[in-house]
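Chains A and B, in that order, are what the protein sequence lines are. Numbering of the first sequence is given in the working numbering, commencing with residue 9 and proceeding in unit increments. Numbering of the second sequence is given in the working numbering, commencing with residue 23 and proceeding in unit increments. By construction, the Cβ of each residue, glycine as well, lies at the ideal position given by its N, Cα and C atoms.
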Amino acid sequence: MPKTIVANDLRKRYGDVQAVDGVTLSVEEGEFFGILGPNGAGKTTTLEIIEGLRQADGGEVTVLGRSPWPRDPALLPKIGVQLQASSFFERLTAREQLRTFGSLYGVPDRKADAMLETVGLTEKADTPVEKLSGGQAQRLSIACALVHEPELVFLDEPTAALDPQARRNLWDVLRAINTEGRTIVLTTHYMDEAETLCDRVAIIDRGRILRSGPPAALVRDLDAATRISVASGVLSETEARALPGVDDLTDDGVSLVIATRDPSSVVAALAGRGALDGVQIKGATLEDVFLELTGREYRA
Amino acid sequence: MSSFQSLARAMFLGFRRDRGALFFTIALPLLFLLIIGGIFARQSTPKSKVLEIGAVPVVDQIPAEMRAGIDKSLKFTKVSDRDAALEKVRKGDYAAAIEQSGDRVVLHYSAADQVKTGTVQGQLDGLVQAANQAASGRPPKYRLEGQQVEDRSLKPIQYITPGLLGWALASAGMFGASTTLVTWRTKGLLRRLRLSPVPIRSVFAARVAVSLGVALVQTVLFIGVATMPFFGLKLAHYWWMAIPMVLCGVLAFLAIGMLIGAWAKTQEAAQGVTQIVVLPMAFLGGSFFNIDDAPRWLRVISEVFPLRHLNSGMLKVLVRGEGPASVLPQMGILLGFALVATLIAVRVFRWEQI
Chain A
9 MPKTIVANDL
19 RKRYGDVQAV
29 DGVTLSVEEG
39 EFFGILGPNG
49 AGKTTTLEII
59 EGLRQADGGE
69 VTVLGRSPWP
79 RDPALLPKIG
89 VQLQASSFFE
99 RLTAREQLRT
109 FGSLYGVPDR
119 KADAMLETVG
129 LTEKADTPVE
139 KLSGGQAQRL
149 SIACALVHEP
159 ELVFLDEPTA
169 ALDPQARRNL
179 WDVLRAINTE
189 GRTIVLTTHY
199 MDEAETLCDR
209 VAIIDRGRIL
219 RSGPPAALVR
229 DLDAATRISV
239 ASGVLSETEA
249 RALPGVDDLT
259 DDGVSLVIAT
269 RDPSSVVAAL
279 AGRGALDGVQ
289 IKGATLEDVF
299 LELTGREYRA
Chain B
23 MSSFQSLARA
33 MFLGFRRDRG
43 ALFFTIALPL
53 LFLLIIGGIF
63 ARQSTPKSKV
73 LEIGAVPVVD
83 QIPAEMRAGI
93 DKSLKFTKVS
103 DRDAALEKVR
113 KGDYAAAIEQ
123 SGDRVVLHYS
133 AADQVKTGTV
143 QGQLDGLVQA
153 ANQAASGRPP
163 KYRLEGQQVE
173 DRSLKPIQYI
183 TPGLLGWALA
193 SAGMFGASTT
203 LVTWRTKGLL
213 RRLRLSPVPI
223 RSVFAARVAV
233 SLGVALVQTV
243 LFIGVATMPF
253 FGLKLAHYWW
263 MAIPMVLCGV
273 LAFLAIGMLI
283 GAWAKTQEAA
293 QGVTQIVVLP
303 MAFLGGSFFN
313 IDDAPRWLRV
323 ISEVFPLRHL
333 NSGMLKVLVR
343 GEGPASVLPQ
353 MGILLGFALV
363 ATLIAVRVFR
373 WEQI
């Protein structure tokens, strides 16, 4: 597989802060790649270096075989970058906005209008950007990043501040874009989002990549307990503790939760006792991996 | 559409739909012109009112050709009550009262307003002399012939129009450039444009083109209104030289605005600093009063402001009737301002907030 992005030992320092401290990563063509990390982990700076907005202090990066720094007008049409939902011309309607950005790449108006439909904003075509809702503005900013049909798309927290419906709607849009063969690099705080969308993720903190790989593989590697919960009362605590494979157990009066690394034995035993009322089985998620790697303490 | 055209179009639409900007660049300066110009346009010396007690043959029998001249400055009112008439003069309601008994003509006046009294006295003295001369039956030996010379002193509307226009252009240009640059940077539009393959100079060229266009609209509207009969601005022969003059001026203002915008981190800072530059510049640049009347040191200080040079150039071509070549120094100075400010702005310029 040809590599779309190859970054090797990227470094960037702002004053006393080593924002990026030796990031090495590669993204393959057509891949949906996620960069995860707490605030201030160095995600944004890493992306900015790859996008060609900042010059790295050290390391090399190539994007589609070219160096993004200094500004390369031959590379720029091949990449699309979604920016804050406010990066628009003032007082222009959604359609005018998209047509203007399209024209910067020589995209005809009709194609820009089609992109408006792709992100489901046809009805808002004549609405000034200032009057769009958060989700609509977010979708418009994605449309602006896609209007020139780039091979590589960068999305920075595309679903931040969206309601659940808008998020899911946007996920569909992103999957569709990826299915067309475009490579997508996404940063997000939402682990469920990364788990659902990304082929591969890199978890980054303090300017370094802590781990990378397909979300499912990272979760498996974590070797975390599965949590099986049933309604309280269907089984006494003593009975439950006697089940095979039980590591830990809690009962809060609503649910009896069993932590186990051998979920099949536990479920089989529960089924044998007819105690599966209201059963919920929760495996470890990417969030567990993330918290395991980056720590649980709150960072202001 | 080329990217330059579509960028210019986007920026123009943004301006046209911005009621605040329209108000400050177009409506407010016109309002100023309306108010200030209106005050001065109505300002003419009122006629002196003179009471005529009983019959005053020297006044009543003024020859027709003299009458017209007298009526321009004096207004006679006939009364019969002498005491009441004198009381009115005493109170200052009338400039003077005149009465005649036989060959004796008496003028009663108050010395409160000496200029007015002097005018009235002179006029009436002339009347009496004319009557004397007519009575002698001989043709006059000496004749005073009046010849009007071209008036070089400026009437208020003549310096107010270029002055207010200059102020309008300066604030539109500077505020436009400084706040646009900061907004574009804080909102990420600058980054967006930088990520597109369009040459950055096209982006700035489009912004400059839109500003120049807006400035021309301001100029046309402004001069159009000022030349209406109510305001009475008379354009000099080479008035069209105002166009290149305005373009040079706006380039200088845009460059200074860009410099402020390149330096300022926030919208508030950009606006504040622009205001600090625009307001003193408008006063010292001679936008609100005739700077030629100011003390010499003030005139020297005013030279550091580009608006001063725009205003004096505009006065030359719009009002004073000087030829196109006369404003070349001013245009050169303005372009110099533009060049220097641009060079500094390029050095100070930042793409990103941090």
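Cutoff 8 angstroms: V28 (chain A) Cβ touching any chain B Cβ:
no
**Prompt:** Between the stretch 83-100 of chain A and chain B, which residues of the former have CB atoms less than 8 angstroms from a CB of the latter, in chain order?
**Reply:** Against chain B - using a Cβ distance shorter than 8 angstroms - the residues of the stretch 83-100 of chain A are L84, P85, I87, V89, L91, Q92, S94, S95, F96, F97, E98, R99 and L100.
Could you give the distance in angstroms between the alpha-carbon of D17 (chain A) and the alpha-carbon of I282 (chain B)?
Straight-line Cα distance between these residues: approximately 38 angstroms.
(Q) Looking at the secondary structure, which residues open and close the alpha helix (DSSP H) in which T241 (chain B) lies? (A) I222 to A248
* Can you tell me whether E245 (chain A) is buried or exposed, with buried defined as 16 or more other CB within 10 angstroms of its CB? -> exposed
**Item:** Selection of the stretch 29-40 of chain B by Cβ proximity to chain A, strictly under 8 angstroms
**Value:** L29, R31, A32, M33, L35, G36, R39 and D40
Closer than 9 angstroms by beta-carbon distance: list the chain B residues that pair up with L18 (chain A), in chain order. Residues of chain B passing the Cβ test: none, with the nearest at roughly 18 angstroms.
With Q105 (chain A) as the anchor, note down where its alpha helix (DSSP H) starts and where it stops.
Run containing Q105 (chain A): A102 to L112, per the alpha helix (DSSP H) assignment.
**Asked** Mind checking K20 (chain A): buried by the 16 CB within 10 Å criterion, or exposed?
**Response** Classification for K20 (chain A): buried.
| said: Spatial neighbours of L129 (chain B) within its chain, please: C-beta separation below 7 angstroms, excluding the five flanking residues on both sides. | reply: Here L129 (chain B) has A118, I120, Q143 and L146 as same chain residues with Cβ atoms under 7 angstroms from its own Cβ, once five neighbours each way along the sequence are excluded.
- Task: Report yes if the CB atom of A232 (chain A) is closer than 8 angstroms to the CB atom of D164 (chain A), and no otherwise.
- Result: no
task = Give a yes or no on whether 8 angstroms exceeds the smallest Cβ distance from Y198 (chain A) to chain B.
result = no
- prompt: Do G42 (chain A) and T187 (chain A) have their CB atoms nearer than 8 angstroms?
  reply: No, the pair does not count as a contact, with Cβ atoms beyond the cut-off.
Item to check | Contact set between S95 (chain B) and chain A, taken where Cβ atoms lie within less than 9 angstroms | outcome: Within 9 angstroms Cβ-Cβ: nothing; S95 (chain B) doesn't reach chain A, min ~57 angstroms.
*Would you check if there are 3 or more beta carbon pairs closer than 8 angstroms linking the stretch 220-240 of chain B to the stretch 299-308 of chain B?*
no
inquiry  = Using a Cβ-Cβ distance cut-off of 8 angstroms, determine whether P219 (chain B) contacts chain A.
reply    = Chain A, which has a Cβ nearer than 8 angstroms to the Cβ of P219 (chain B), makes this yes.
(Q) Determine, for P81 (chain A), whether the minimum Cβ-Cβ distance to residues of chain B falls below 8 angstroms. (A) yes
Below 8 angstroms between beta carbons: does that hold for V287 (chain A) and T268 (chain A)? no
Using the C-alpha atoms, what's the distance from G254 (chain B) back to L276 (chain B)?
31 angstroms
- Task: Tell me whether the beta-carbon of E37 (chain A) lies closer than 8 angstroms to the beta-carbon of R208 (chain A).
- Result: no
Report task. Report the rounded CA-to-CA distance for R62 (chain A) versus I13 (chain A), giving the unit in angstroms. Result -> 16 angstroms
Check: Got a sec: is the Cβ-Cβ distance from G42 (chain B) to anything in chain A below 8 angstroms?
Finding: no
Nearest-angstrom Cα separation, counted from H331 (chain B) out to E325 (chain B):
7 angstroms
Could you check whether the Cβ of S200 (chain B) sits closer than 8 angstroms to any Cβ belonging to chain A?
Not closer than 8 angstroms to any Cβ of chain A, the Cβ of S200 (chain B) fails to qualify, so no.
**OP:** Would you list the one or two residues that DSSP bridges to K97 (chain B)?
**Re:** B:K71
Step through the CB atoms of chain A and report whether any lies within less than 8 angstroms of the CB of K71 (chain B). no
Beta-carbon spacing of L160 (chain A), T191 (chain A) below 8 angstroms | Yes.
- Near-chain B residues of the stretch 202-228 of chain A (beta-carbon distance less than 8 angstroms), N- to C-terminal order: none
Can you look up Y181 (chain B) in the DSSP assignment and give me helix, strand or coil? helix
Does the CB of L112 (chain A) have a neighbour CB from chain B at under 8 angstroms? yes
### Task
Compile a chain-ordered list of the residues in the stretch 123-136 of chain A whose CB is closer than 9 angstroms to at least one CB of chain B.
P136
So, T99 (chain B) versus L73 (chain B), is the Cβ gap smaller than 8 angstroms?
The answer is yes: Cβ separation under 8 angstroms.
* Spell out the partners DSSP gives D29 (chain A) in its beta bridges. => A:R19
Q: Please decide whether K209 (chain B) counts as near chain A, where near means a Cβ-Cβ distance under 8 angstroms.
A: Closer than 8 angstroms: yes.
Would you please state the rounded distance, in angstroms, between the beta carbons of A286 (chain B) and S200 (chain B)? I believe it to be under 8 angstroms. So it is a contact: roughly 7 angstroms between Cβ atoms.
Partners in chain B for T302 (chain A), counting only beta-carbon separations shorter than 7 angstroms
In chain order: nothing, as chain B lies at least about 24 angstroms away.
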